[in-house]
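Below: the structure, in structure tokens.
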Amino acid sequence: MISLARSSLVYEWRRYLAAVFALGFSALLLYIQTGLMLGYSMSMTAILNNSQADIWISDPRLKTFEWGVSLNPDQNECYLRMHPEIVSVKPFYRAWCSGKTDEGETIHAVLFGLEADDSCLLMPHWFIEEFGEKLKEPMTVVVDRSFAKNVGLKIGDYPELNSKRVKIVGITDGYKNERGGFVFASEYSFRAMPGWKWAQYIMVKLRNPERAEITARELNESPWKNSKIKAWTKKSLFWKSQKWQLLESPNSLTFIFLSLLAIFIGVAITNQSLRSAILASLKEYAALRALGVSKRSLCSVVLEQSFWIGMAGLALAWILTYIFSFIAVYYKLPFCVPFWFILPSTALLLFVSFVSGLFSLMVLYKTEPAELLR
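Residue numbering for the sequence shown follows the working numbering, beginning at 49 and increasing consecutively.
Here you go:
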């Protein structure tokens, strides 16, 4: 009976095409909205992922890396330096700023202060090698390329940030942010700018980065630890931010609703397509019943068909998602569908296809050899 299910799909593929497209586009909607949400989250954690810090210290109330809670690094630095694995401790400074370009266009940006030398933990080595000497000049900044393109900035321009003129000495990639451009300045330039500045994290460099999880656990369990701080590895803080973006952020309700809508549409259309295909082949199924084929065997044919329809729909969704990812890269849109999401979503969509097959079995159960006489 296995060959019957496959041959029916091959020779009567037009009857099942609507079901394949329904499941395919349901999966595509699920992948794209997940990719955009997680891509946005990854753009917000680009600083975290690209940093040289092995452990991040935060307020225990932290929900996501994007919305850090201010803390006092001076109260915790001595405690952190007591640990034998820790070789460097640096505060993470960030400030929201606004201003305008030379042409008068309003700009909003996130300003980061960093050490413009090899002691920097915030940025990777290549960034310091390329821009470190340039940032040592007072009131100079480096901006992200996407932000510079959006507001029309280029190297040598003098935009205004928080009522202070700054000079753009470099443009970097990989720090696209939807809430405002990322701007990097030396600690001196950062402190010289007016506005509210606060430390949200403490960055920690370890002697042996492979012991990051063990060290973070030791810091959290130490009896001398300040109860107002919590240690995170780079990986654990990243996953917490991803989880918050999908399940707890203001956009998560929209994400869940659209996901359920996509699943409902997939079930409804696939069910109707399978039902129509069974009705169209009713005489063939009745003939098989007359030859002694049991209803259970015929049901297994329909369920196998629903499985292959699900696989075809998923293949279509994967191809379209792959194409969309290239489009997103071309237009520098934050987009990411991680492997850990593909496996459960694949299982979910195959389950949707299976449920659709179950719903369509009611027609098959009514099939009797007497149908041949009609």
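Don't be surprised by glycine CBs; every beta carbon is placed ideally from N, CA and C.
Remember, it's a predicted structure, so these values are computed and weren't measured experimentally.
Item: Beta-carbon proximity of R63 to A395, cut-off 8 Å; Value: no
Item: Opposing strand residues paired with P139 [DSSP bridges]; Value: I250
Item: Helix, strand or coil at A101 according to DSSP, with G and I counted as helix; Value: coil
Item: Same chain only: Cβ atoms within 8 Å of K215, ignoring 5 sequence neighbours per side; Value: E185, M187, T188, V189, G204, D205 and Y206
Item: Cβ neighbour criterion (16 or more within 10 Å) applied to N256; Value: exposed
Item: Beta-bridge pairing of I219 - partner residues as DSSP gives them; Value: V191
Item: Rounded separation between W292 and K343 - CA only; Value: 48 Å
Item: Span separating the alpha-carbon of S55 from that of L309; Value: 32 Å
Item: Cα-Cα separation, A316 to Q353; Value: 16 Å
Item: Cα-Cα separation, F407 to S89; Value: 38 Å
Item: Beta-carbon proximity of I304 to L71, cut-off 8 Å; Value: no
Item: From D102, L162, T281 and L119, residue whose alpha carbon lies closest to that of R109; Value: L119
Item: Backbone CA spacing between K282 and L96 [nearest angstrom]; Value: 7 Å
Item: Where M130 falls, given that 16 or more other Cβ within 10 Å makes a residue buried; Value: exposed
Item: Selection from C168, V135 and L294 that minimises the alpha carbon distance to G83; Value: L294
Item: One or two residues paired with I134 in a DSSP bridge; Value: L254
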